[in-house]
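To start, the structure itself, in structure tokens.
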Amino acid sequence: MSPAKEASANPVPMKERIKIPRQGMPEQAAELRVMNFTEVNLGYSMELARQEALRCLECAKPTCVDYCPVGVKVKDFVKLIVAGDYLGAAAKIREDNVLPAITGRVCPQEDHCEGFCLLHKKVDSLGIGYLERFVADYEQKAGAPPAANAAPTGKKVAIVGSGPAGLSAAGDLIQRGHQVHVFEALHEIGGVLVYGIPEFRLPKQVMREQIDTMRKMGVEFETNVVVGKTVSIDELFEEEGYDAVFIATGAGLPVFLNIPGEHLNGVYSANEFLTRINLMHAYEFPRYDEPMVGLRGKHVAVIGGGNTALDAIRSARRLGAERAYVLYRRSETEMPARAEEVKHAKQEGIDFQVLTNPVEFLDDGRGWLRAARCVRMELGEPDASGRRRPIPIAGSEFEVPLSVAIIATGTSANPLVQSTTPGLKTNKRGYIEADSESQRTSRKGVFAGGDIVTGSATVILAMGAGRRAAKAIHEYLNTGAW
Amino acid sequence: MYRILDAQFIAPGIKRFVIDVPRIAKKHQAGQFVILRLHERGERIPITIESSDREKGTIRIVVQAVGKTTYELNALETGGAILDVVGPLGKPSEIEKYGTVAVLGGGVGTALAYPTTAALKKAGNRILTILGGRSRELVLLEKEMREVSDALYVTTDDGSYGEKGLVTDKLRELIGKGEPIQLVLAVGPVPMMKAVADLTREHGIKTIVSLNPIMIDGTGMCGGCRVLVGGKSQFACVDGPEFDAHQVDFGVLMQRNRMYRDAEKESLERFQHACEGDGQNGGKCRSGAENAAPVVIAGGKP
Ligand SMILES: Cc1cc2nc3c(=O)[nH]c(=O)nc-3n(C[C@H](O)[C@H](O)[C@H](O)COP(=O)(O)OP(=O)(O)OC[C@H]3O[C@@H](n4cnc5c(N)ncnc54)[C@H](O)[C@@H]3O)c2cc1C
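Those sequence lines, one after another, are chains A and B.
Under my numbering, the first residue of the first sequence is numbered 37, with each subsequent residue one higher.
Under my numbering, the first residue of the second sequence is numbered 221, with each subsequent residue one higher.
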């Protein structure tokens, strides 16, 4: 049978498919989940997954695949779900994506696959993320062994940073038979996926399972190594015998607002706030040693409108914050957060104060935050980002009483590797310059990708970069050509 | 896991450790620190490296028990282990030939000042050291410091050793005598560093202090260790820990260091309480966390 005419296992006639409603994701009730850190989305059952998969129109030219940064073969894996071959579906995804349990949960599907689904022209798009998560979880439970690696090549690759870019490159390189060693500065593997994204969106257990799988495949992990401090890139080549290095150190440095009062007690960067909670388990103090400011009954605000902002404020809510605000200087349309997170946050009683910007943090007289003085904004002409520029409205200032303010307005490049690697070119914002296809840098044998090249972006884009780097590293190791 | 090859008390509540960490020993420069985490439920704390031995692959640290984690650390013995040790972090001290350098070490701060003093001495500086402590046993590392100093003075708050008074009294006296001091390095409790900065500012003497804010990752990622220097936010972990004392806002540093005071107190009390109870099972004062109250994961509920 030629592939073009391959029969569909889907028994539902094409014009009926559009009539099947999108299957909702079972979730923990909002009143309950604001009291715990367990995952909000509970996952599809087999019946729901099948019902959802039946909606796929099996387009001849699936745009969902075109718009996936790693080209996951959506149509093919959905067909396998319809056929009941879940492990086959998982294997199909793994051809392009080594972390499906993660992307299924945190990808901004509305900007990629689902946003370009044909169904979306008339009705709700296919639940591609939900289906991806379903097969990834199914595969995990089934304990399917990872695919075998190619014969050892004898080449050694060092990966710096264990976020999605580093992990995706590591997974691909080990499969191609290279020895892969991942260096991580923190004491846990996973980058933003462990220190940034909270348990209620991405359970640590899911991460641990993915990393265990990679260990089984032969990837070596070494924590507590800050490349640039503990060991330099040059030493990795000259003293430790690596043949290539992939830098995937992320966009780690928090950017502050530079407004008065930012040093007051109770003002946090989102990175610190989330690190205390996710990495250090401060919410389990005193069982864990790391403390944090008590939030029970307090008024808390986050400044910003991205995923980081929502993760921080929803965590604050779970820690007992009585009032929890999002202060965002543009309107809801411009918010960069995933649509599902905005929906969940609203269900959890988060108060969205859009077109609002703090101009000063006010002292209670004892060095602690008392309130934020804010100004209302209106939208003007589009700026460099293409979004309409927010402009302060004169005379609109007002105070929001607060005990804790969390700043989530962005990050910048972590300079530790760049500043200790001679000849490594960076752009004027300090990010590493790398070729968009091969991820090659200005230094022979050194590749870079993920947020350290693009600035803060997404998990799937970082994974895409890791994948392209792995391919280019493999070629470089085979040919030696630069 | 990083092995503790040696652990000895050098003063009441102050212990010196030799830790097996070849990677860090190889790269350590004076002025840098490590971050430690003792066990799975531990917090991350910064500790300055006192010295390192590249050949043996070891570093030495000096720890004063002030909070739960440092008490717990000081309960560890030779042969024990620390779960995580990362470093060397922070910028190394700027070592140059300045001429005459006055080094002021307060309490355990002396251990932090030691490697920089040794490096300054090696660079050809004339070193005048003033060690201070509340009482005799809190004057640390006198022998080591003497080896790298041209003159060494001791002051104690209670007069039990050296001269009665503060390190700043001695410094004022030396300045008054016309000692040509080009640089002052002061490491110790925040009030002491502030007092030194106030004194040297009057005399226009460049002064370096090593700051000790609350820190988590130590790589610049969280921003928790930000200090106000010259009116601008700086991260002690990557921009420091040494700064120009005359630019530092010590008030903000003290205020931010108080942020978790209640939690720290609670943590320490629970630990000490658990330690007492531990007497029966061999007195092996472990984490203490085992005896802690059950966790309530989240709020929202009355
Ligand atoms: C709170 C939060 C929520 C987010 N939510 C989403 C979401 O829902 N969906 C989405 O698609 N994206 C989301 N993002 C963005 C996404 O997480 C990032 O774009 C992605 O993680 C970038 O991957 P990376 O591998 O480039 O870097 P990172 O994930 O940042 O990983 C870099 C790793 O390198 C380590 N490192 C840094 N310097 C060194 C060094 N010198 N030596 C050794 N190791 C080093 C770091 O410790 C870190 O572990 C979120 C980001 C945050 C902060």
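We treat Cβ as the ideally placed atom computed from N, Cα and C, and that holds for glycine.
Three-state secondary structure (DSSP) of residue i
i: D325 of chain A; result: coil
i: G197 of chain A; result: coil
i: Y304 of chain A; result: strand
i: Y103 of chain A; result: coil
i: T376 of chain B; result: strand
i: D464 of chain B; result: strand
i: D226 of chain B; result: strand
i: I395 of chain B; result: helix
i: E383 of chain B; result: strand
i: A337 of chain A; result: strand
i: R359 of chain A; result: strand
i: E365 of chain A; result: According to the sequence as given, residue 365 of chain A is Arg; it is not Glu. Coil, per DSSP.
i: D389 of chain B; result: helix
i: V458 of chain B; result: helix
Proximity test, Cβ basis, 8 Å: residue i and chain B
i: D270 of chain A; result: no
i: S305 of chain A; result: yes
i: K192 of chain A; result: no
i: L78 of chain A; result: no
i: K51 of chain A; result: no
i: P327 of chain A; result: yes
i: Y324 of chain A; result: yes
i: G202 of chain A; result: no
i: F273 of chain A; result: no
i: R312 of chain A; result: yes
i: M316 of chain A; result: yes
i: L209 of chain A; result: no
i: L29 of chain A; result: Residue coverage of chain A in this structure runs from 37 to 518, which leaves residue 29 of chain A outside it and unanswerable.
i: E298 of chain A; result: yes
i: V196 of chain A; result: no
Test item: CB-CB of residue i and residue j under 8 Å
i: M413 of chain B; j: F470 of chain B; result: yes
i: G460 of chain B; j: P335 of chain B; result: no
i: V118 of chain A; j: A89 of chain A; result: yes
i: I54 of chain A; j: L155 of chain A; result: yes
i: R279 of chain A; j: K191 of chain A; result: What sits at residue 279 of chain A in the sequence shown is Asp, not Arg. Going by C-beta atoms, D279 of chain A is nearer than 8 Å to K191 of chain A.
i: I265 of chain B; j: I279 of chain B; result: no
i: L361 of chain B; j: A331 of chain B; result: yes
i: A498 of chain A; j: D487 of chain A; result: yes
i: I339 of chain A; j: I443 of chain A; result: yes
i: P426 of chain A; j: N393 of chain A; result: yes
i: I138 of chain A; j: Q87 of chain A; result: no
i: A501 of chain A; j: V489 of chain A; result: yes
i: C100 of chain A; j: C149 of chain A; result: yes
i: G140 of chain A; j: A172 of chain A; result: yes
i: E270 of chain B; j: V286 of chain B; result: no
i: V411 of chain A; j: E433 of chain A; result: yes
8 Å Cβ cutoff, residue i in contact with chain A
i: M479 of chain B; result: yes
i: M435 of chain B; result: no
i: K521 of chain B; result: The pLDDT assigned to K521 of chain B is 27, lower than 50, so where the model puts this residue is not dependable, and the model offers no usable value.
i: C457 of chain B; result: no
i: R421 of chain B; result: no
i: T336 of chain B; result: no
i: A518 of chain B; result: Residue placement at A518 of chain B is poorly supported in this model, since its pLDDT is 32, which falls under 50; the coordinates are not used for a value here.
i: I279 of chain B; result: no
i: R354 of chain B; result: no
- Message: Any C-beta of chain B within less than 7 Å: which residues of the segment 218 to 241 of chain A qualify?
- Response: Per Cβ criterion, the list reads A221, L222 and H223.
- Query: Hey, which unbroken runs of the alpha helix (DSSP H) at 4 residues or more fall wholly within the segment 240 to 270 of chain B?
  - Reply: 242 to 247
- Near-chain A residues of the segment 305 to 331 of chain B - C-beta to any C-beta below 9 Å: V305, V306, G307, P308, L309 and G310
- Which runs of the beta strand (DSSP E) spanning at least 3 residues fall entirely within the segment 297 to 357 of chain B, listed in chain order? 304 to 309, 320 to 326 and 346 to 353
- Message: Under 7 Å, CB to CB, which of the residues in the segment 287 to 306 of chain B have a partner in chain A?
- Response: Under the 7 Å Cβ criterion, the segment 287 to 306 of chain B contributes K288, T289, D304, V305 and V306.
- Can you give me, in chain order, the residues of the segment 460 to 478 of chain B that have a beta carbon less than 7 Å from any beta carbon in chain A? V472, Q475 and R476
- Quick one: which unbroken beta strand (DSSP E) runs of 3-plus residues sit fully inside the segment 378 to 443 of chain A? Chain order, please. 387 to 390, 392 to 399, 405 to 418, 424 to 428, 434 to 437 and 440 to 443
- Starting from the N-terminal side, write out each stretch of the beta strand (DSSP E) that is 3 residues or longer and does not extend beyond the segment 429 to 509 of chain A. 434 to 437, 440 to 443 and 482 to 484
- Query: Can you give, in chain order, each stretch of the alpha helix (DSSP H) that sits fully within the segment 43 to 89 of chain A and has at least 4 residues?
  - Reply: 50 to 53, 66 to 69 and 82 to 89
- Item | In chain order, each beta strand (DSSP E) run of at least 3 residues that lies wholly inside the segment 227 to 284 of chain A | 256 to 258 and 280 to 283
- Which ranges does the beta strand (DSSP E) cover as unbroken runs of at least 3 residues, wholly within the segment 401 to 430 of chain B, from first to last along the chain? 401 to 407 and 426 to 430
- Residues, ordered as in the chain, of the segment 246 to 263 of chain B that lie near chain A by beta-carbon distance below 7 Å: K247, R257, R261, G262 and E263
- Item | Contact set between the segment 438 to 457 of chain A and chain B, restricted to residues whose Cβ is under 7 Å from the partner | Within the segment 438 to 457 of chain A, the qualifying residues are N450 and L452.
- Message: If the cut-off is 9 Å on Cβ atoms, which residues from the segment 392 to 421 of chain A count as contacting chain B, listed in chain order?
- Response: R402, G403 and W404
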